[in-house]
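Position 284 of the sequence shown, counting from 1, maps to 610 under this note's numbering, and the rest follow consecutively. Note that beta-carbon positions come from the ideal geometry of N, C-alpha and C, so glycine has one too. Just so you know, these numbers come straight off a predicted model, no measurement behind them. Take a look at the structure below.
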Amino acid sequence: MIELTKEQLDIKKAAREFAEREIPKYSKECDEKEEFPWDLWRDSCKHGFVGVFIDEAYKGQGYGYLENALIWEEFHGIDPGCGFATLGTTIGAETLLVNGNEDQKLTYLPPLVKGKAIMAIMVTEPQAGSDVAGIKTKAEKIGNYWVINGTKTFSTNGSIADYAIVLARTEDSGERHRRFSTFIVDLKEDGVERRKLTGKLGMRASDTAEITFKNVHVPKENLMGKRGGGFYHIMDFFNRSRTWVAAQAVGAAKGALGFAIEYSREREAFGNKIASFQAIQFKIAEMATKLEAARLLAYKAAYMLDKGEINPVFSAMAKWYAAKIAVEIVDEALQIHGGIGYFSDHPISRFYRDVKAIEIYEGTKEIEKWLIGRRILGVQ
Ligand SMILES: Cc1cc2nc3c(=O)[nH]c(=O)nc-3n(C[C@H](O)[C@H](O)[C@H](O)COP(=O)(O)OP(=O)(O)OC[C@H]3O[C@@H](n4cnc5c(N)ncnc54)[C@H](O)[C@@H]3O)c2cc1C
327 MIELTKEQLD IKKAAREFAE REIPKYSKEC DEKEEFPWDL WRDSCKHGFV
377 GVFIDEAYKG QGYGYLENAL IWEEFHGIDP GCGFATLGTT IGAETLLVNG
427 NEDQKLTYLP PLVKGKAIMA IMVTEPQAGS DVAGIKTKAE KIGNYWVING
477 TKTFSTNGSI ADYAIVLART EDSGERHRRF STFIVDLKED GVERRKLTGK
527 LGMRASDTAE ITFKNVHVPK ENLMGKRGGG FYHIMDFFNR SRTWVAAQAV
577 GAAKGALGFA IEYSREREAF GNKIASFQAI QFKIAEMATK LEAARLLAYK
627 AAYMLDKGEI NPVFSAMAKW YAAKIAVEIV DEALQIHGGI GYFSDHPISR
677 FYRDVKAIEI YEGTKEIEKW LIGRRILGVQ
């Protein structure tokens with residue numbers, strides 16, 4: 327059982343009120359133009375909603391992943407694209423908090439919560455996404471620098487971020503998963519080339535880019551965590567980030583269900599409100615039940631993390647299930663709207679496009695189930 331405390335309920339309420347008031351000003355235009363909502367991001371930082379899981383020592387609020395999830399849920403309930411764009415600006419801070427040294431944390435974390443910098447995490451490459459150990463980007467130690475060469479793709483915030491956690495191959499031999507290291511790379515360094523990727527189906531307010539590193543010299547002090555431990559530092563990230571991804575899905579599903587309820591009460595057919603038809607009532611019942619189950623799973627995964635219990639199975643279950651039901655709920659919500667839901671004037675069509683991404687990034691739905699199944703069965 328997870329009962330939210332008064333403080334957690336207050337945080338959720340404050341996030342909902344802010345999101346309801348501010349996000350609609352940006353959602354349609356940022357989606358249409360594939361533009362990042364700069365003012366919304368600054369305002370969200372000013373109001374203390376960004377990076378709340380970051381410790382107070384690094385100017386964060388020092389809350390947990392549960393409080394973080396509550397905020398993500400509320401922002402995504404209004405608009406998934408703007409929610410992701412705004413709150414996703416700290417992406418990568420999850421592993422920096424765990425694996426970075428004190429100097430790195432003091433340098434790179436405070437600007438994220440103050441609205442002075444944006445971060446990215448660069449793992450995926452054109453030839454390797456799910457197979458993280460299949461990446462080719464290389465970092466070679468030359469004197470006091472690591473020299474990075476390679477290409478990263480689909481990086482959230484890639485063309486607007488100030489710095490990024492970059493996974494690169496540093497060892498030529500040894501166990502397959504121990505050949506990598508993570509670096510904090512200043513994206514203004516010589517040799518960093520960035521290309522914004524346009525044409526995403528959804529989440530279009532969120533920036534996505536391809537980045538090429540050509541002999542980029544990174545000071546040796548910017549190695550994050552252990553040399554050879556990079557693969558595991560990325561897994562540390564996923565174990566934590568999947569709680570906010572699950573919350574994205576819960577929020578989007580909640581928003582879509584809200585639209586469906588409202589429309590069912592208004593729309594008439596055959597001389598009655600469509601809410602009076604049992605077929606519609608069954609749809610709403612199924613949507614609401616799935617949402618409740620996903621929310622419990624998402625809160626539980628975050629709560630376990632906050633208790634210090636790092637269990638990849640719970641994060642993966644929450645992420646997989648919440649994304650799955652979000653796709654289903656948004657689909658049914660659009661169906662309930664009939665033809666009007668199919669047009670861009672209604673936000674449900676945007677939700678429909680946005681939620682699909684949640685089944686792909688931070689581990690596809692197949693990878694999540696693979697992880698859960700292997701762990702339960704004890705199979706390597
Ligand atoms: C909007 C968006 C934002 C993103 N942001 C980031 C980011 O910030 N940083 C970053 O590094 N990446 C990011 N990504 C990339 C994302 O993490 C990858 O797209 C994802 O991990 C899948 O990798 P892939 O596209 O290479 O597909 P592949 O790994 O090539 O998979 C193709 C298909 O095969 C399936 N598959 C693969 N292996 C298995 C298996 N063993 N068993 C069963 N099925 C399997 C997959 O599930 C998928 O359906 C983002 C992607 C999107 C769409």
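If you draw a straight line from the Cα of LEU435 to the Cα of ILE610, it is about 42 Å long. Look at the beta carbons and you see the segment 477 to 487 touching the segment 525 to 538: at least three pairs across the two are nearer than 8 Å. Within a 10 Å sphere around the beta-carbon of LYS339 sit fewer than 16 other beta-carbons, which makes this residue exposed. If you draw a straight line from the Cα of THR615 to the Cα of LEU623, it is about 13 Å long. A distance below 6 Å between beta-carbons, with the five flanking residues on each side excluded, links THR463 to the following residues of its chain, in chain order: GLY476 and ALA494. The Cβ atoms of ASN425 and TRP570 lie no closer than 8 Å to each other. Distances from the CB of LYS522 to the heavy atoms of ligand 1 are all 7 Å or more. Inter-residue distance for GLU515 and ASP336 is about 42 Å (C-alpha atoms, whole angstroms). For ILE491, the enclosing beta strand (DSSP E) begins and ends at 489 to 495. Beta-bridge pairing by DSSP links GLY476 to PHE539.
Selection ALA459, ILE447 and ASP657 evaluated against GLU501 yields ALA459 as nearest (Cα-Cα). Ranked by how close their Cα comes to the Cα of VAL376, the residues THR416, GLY517 and HIS559 have THR416 in first place. The shortest CA-to-CA distance from ASP632 to any of LYS580, PRO437, ALA573 and LEU392 is the one to LEU392. Ranked by how close their Cα comes to the Cα of ILE651, the residues SER675, ASP381 and VAL681 have VAL681 in first place. Rounded to whole angstroms, the gap between the alpha carbons of HIS543 and LEU422 is 20 Å.
In the structure shown, ARG701 falls within a helical segment according to DSSP collapsed to helix, strand and coil. In the DSSP annotation of this structure, the continuous segment of the beta strand (DSSP E) that includes SER507 starts and ends at 506 to 512.
Cβ-Cβ distances below 7 Å link TYR384 to LYS431, LEU432, LEU435 and PRO436 in the same chain, with the five nearest sequence neighbours on each side left out; the list follows chain order. For GLU466, the pairing in a beta bridge is given by DSSP as VAL473. Under the criterion of beta carbons closer than 8 Å, ASN548 and PHE509 qualify as touching, at roughly 5 Å. One Cα belongs to LYS645, the other to GLU400, and the distance between them is close to 17 Å. In the three-state reduction of the DSSP assignment, GLU515 falls in the coil class, being assigned neither a helical nor a strand state. The beta carbon of HIS672 sits closer than 7 Å to the beta carbons of HIS663 and ILE666 from its chain, once the five residues preceding and following it are set aside; these are given in chain order.
Separation of the CB atoms of GLY403 and GLY581 is rounded to 4 Å, and the pair is thereby assigned contact status at 8 Å. Ranked by how close their Cα comes to the Cα of ALA620, the residues ARG568, ILE600, GLY388 and GLN453 have ARG568 in first place.
For the 8 Å CB-CB criterion, VAL518 and MET448 do not form a contact. With a cut-off of 8 Å on Cβ pairs, the segment 339 to 352 is in contact with the segment 408 to 415, counting three or more such pairs. When DSSP states are grouped into helix, strand and coil, ASN394 belongs to the helix group.
If you look at ILE655, you'll find it in the alpha helix (DSSP H) that goes 638 to 663.
Excluding five sequence positions before and after THR479, the CB atoms of its chain that fall closer than 7 Å to its own CB belong to THR450, GLU451, PRO452 and GLU536, given in chain order.
VAL705 is classed as exposed because its beta carbon has fewer than 16 other beta carbons within 10 Å across all chains shown. Under the 8 Å Cβ criterion, the segment 551 to 565 does not count as touching the segment 361 to 371, having fewer than three qualifying pairs. For the options ALA443, GLU612 and SER590, the alpha carbon positioned closest to that of SER602 is the one of SER590. Taking a C-beta distance under 8 Å as the contact criterion, PHE669 and ALA578 do not qualify as a contact pair.
For the set ARG521, ARG504, LYS540 and SER456, the Cα lying nearest the Cα of TYR687 is the one of SER456. Inclusion of LEU660 and LEU617 in the CB contact set at 8 Å is not warranted, their separation being larger than that value.
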